[in-house]
Amino acid sequence: MNYTTHLLFILISITSLLRSTAAEPLSTTAVYAFGDAIFDTGNNNGLRTICRADHPPYAAELHDTISFGRFSNGMLPADILVHDLGLKPLMQPYLNMQTAPRDTLRTGVSFASTCSGLDDLTADEYDKNIHFRLDFSLNHQSYDLHYNNRNFEAARETMRLDIGDGPTDDVLKNAVYLISGGTNDMLVNYYAIPIRRLTYSVSAYHEFLLGNLKDFVKKLYKRGARRVGVLGMPPVGCLPLDISTKFGFKRECVSQHNADATQFNERLQQYINQFVTEMPQLKIAYIDIYNPMMDMINNPSRYGLEHTLEGCCGSGSWELGPFCSKYARVCTNSSQYLFWDSIHPTQAAYEVLTKIFKETSLSSLLA
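Those letters in the sequence shown? Residues -23 to -1, 1 to 344, by mature numbering (1 follows the signal peptide of the UniProt record, and there is no 0).
Okay, here's the thing in structure tokens:
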């Protein structure tokens, strides 16, 4: 073997090795989101509820009325994710499908609904006076199949009629499913209105919520889901509304509520380990938002933040929904705020959380 041939052989060998060991790019067919406001891109628009954000200044930085309905100043995590994965510019809400392109379902939609929870009583308590019940609540014990997965099942059947059974199954099998829930349950049904507190201890209520979550994941799995990401609770005691309810205008996290959220997240991770045992083809990941948000609160300058315990809209202590309106004072530097209103983060904060998710949990789901 002469020198040139030998060198060529080495180069080919190195190239083959690099190709075999290089990480495959992250890819998925679609993203489907369920749960509460962190993923709700407008499903509550038009409903008779206070849990709506289809008005300025919500989503104002997206610069079009089509994007109204997001409880933030801009993009939500699901929007950022589908954009970064190259699926679409923004995540559409399922209830806006009439005006969406036919192929929208194949790349994912949001079924999430603000004010819903893992406990179907939660949405009722938000709008008790008008008897508002969300069909998207993750648990509705009397009508599991009709309420828990009604809209997802309808979407699946629409795709089957459109592209056939095989292609639909491929889309659903390779899609990523995101679930968020539990925060509203604790804020409303346990802390603010002590309905569940009269019946359950904190740990017992967590078990009740996680049992409902488990049932929901099983239904998704039965319908073809194989890649599921479940968000943990945020530091509930640091949400501006929770702080204001406890301390008024004093800015200090409610330590016990943060401890409760930590306990829930620890138990959730134990449940996730059980899911894998019971659903062997399932890839499921815990998505930690508690620790990243606490790091933003404790080390704001690291993220370019200056305000971490008050919202950008209004006084920053109480306003959300109809009270964060075009008449409310709005900060001029939202990128320096962790929260947009008294509960929901800004796009700047969501970009940080989504980046961490992509660098950690997402890779395990798409492996």
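Note that beta-carbon positions come from the ideal geometry of N, C-alpha and C, so glycine has one too.
- Here residue 226 carries a coil assignment [DSSP, helix/strand/coil].
- Secondary structure at residue 188: helix, using DSSP grouped into helix, strand and coil.
- Rounded to whole angstroms, the gap between the alpha carbons of residue 253 and residue 261 is 7 Å.
- Restricted to the stretch 236 to 292, the beta strand (DSSP E) segments that are unbroken, complete and at least 3 residues in length are 260 to 264, 284 to 288, listed in chain order.
- Under the Cβ criterion (8 Å, minimum of three pairs), the stretch 80 to 87 counts as touching the stretch 6 to 14.
- Non-local C-beta neighbours of residue 167 in its own chain, meaning closer than 7 Å and more than five positions away in sequence, comprise 173, 174, 182, ordered along the chain.
- Look at the beta carbons and you see the stretch 316 to 331 touching the stretch 47 to 58: at least three pairs across the two are nearer than 8 Å.
- Burial of residue 269 is indicated by the presence of at least 16 other C-beta atoms within 10 angstroms of its C-beta.
- Here the stretch 229 to 247 does not lie against the stretch 302 to 316, with fewer than 3 beta-carbon pairs under 8 Å apart.
- The three-state secondary structure of residue 231, taken from DSSP, is coil.
- Rounded to the nearest whole angstrom, the CA to CA distance from residue 228 to residue 211 is 17 Å.
- Contact between residue 96 and residue 162 holds, with the beta-carbon distance rounding to 5 Å and staying under 8 Å.
- Residue 226 and residue 286 have their C-alpha atoms spaced approximately 10 Å apart.
- Cβ atoms of residue 15 and residue 53 come within 8 Å of each other, at about 6 Å.
- With distances taken between CA atoms, residue 300 lies nearest to 34 out of 34, 13, 23, 22.
- Sixteen is the threshold: when 16 or more other Cβ atoms of the shown chains lie within 10 Å of the Cβ of residue 90, as they do, the residue is buried.
- Only buried fits residue 10, as 16 or more other CB atoms lie within 10 angstroms of its CB.
- Excluding residues up to 5 positions away in sequence, 92, 93, 114, 161, 162, 165, 166 lie with their Cβ nearer than 8 Å to the Cβ of residue 99 in the same chain.
- By the Cβ-count criterion, residue 69 is buried, with 16 or more other Cβ atoms from all chains shown falling within 10 Å of its own Cβ.
- Counting other Cβ atoms within 10 Å of its Cβ, residue 187 reaches 16 or more and is therefore classed as buried.
- The continuous stretches of beta strand (DSSP E) do not include residue 143, which lies in the alpha helix (DSSP H) extending over residues 142 to 151.
- Ranked by Cα distance from residue 169, the options 221, 193, 141 are led by 221.
- Listed as beta-bridge partners of residue 307 by DSSP are 290.
- Distances from the alpha-carbon of residue 204 to those of 29, 18, 344 put 344 closest.
- In terms of CA proximity to residue 37, 289 leads the group 329, 239, 289.
- Residue 143 and residue 137 have their C-alpha atoms roughly 8 Å apart.
- Around the C-beta of residue 13, 16 or more other C-beta atoms lie within 10 Å, and the residue is accordingly described as buried.
- In this structure, DSSP gives residue 58 a helical state, which the three-state scheme calls helix.
- Annotation: the continuous beta strand (DSSP E) that includes residue 10 extends over 8 to 12.
- Within the same chain, Cβ atoms closer than 7 Å to the Cβ of residue 326 are found at 273, 315, the five residues on either side in sequence being excluded.
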